[in-house]
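Below is one structure; the comments refer to it alone.
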Amino acid sequence: CYLDRNDMWYKHFLGMATLLGHKQLALWLMDQSAPTITRQTSVP
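Residues 761 to 804 (this note's numbering) make up the sequence shown, in order.
Dropping the structure here:
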């Protein structure tokens with residue numbers, strides 16, 4: 761399943777990742793919310 765960009769948890773984690781400087785985590789979260797066809801890589 762994919763995260764909803766409007767979901768409060770998605771915004772919370774993305775915001776925390778950005779705040780803490782975890783760029784990889786932020787990119788991963790954005791990747792998880794993107795359609796499968798646009799996904800280039802999968803970060804564990």
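All C-beta atoms in this analysis are idealised placements derived from N, C-alpha and C, irrespective of residue type, glycine included.
N- and C-terminal bounds of the alpha helix (DSSP H) containing Gly781: Per DSSP, Gly781 belongs to no alpha helix (DSSP H) and is neither H nor E.
Euclidean distance between Cα positions of Thr778 and Tyr770: 12 Å
Close-in-space but distant-in-sequence residues of the same chain around Leu789 (CB under 8 Å, 5 per side omitted): Leu763, Tyr770, Phe773, Leu774 and Ala777
Euclidean distance between Cα positions of Gln792 and Ala786: 10 Å
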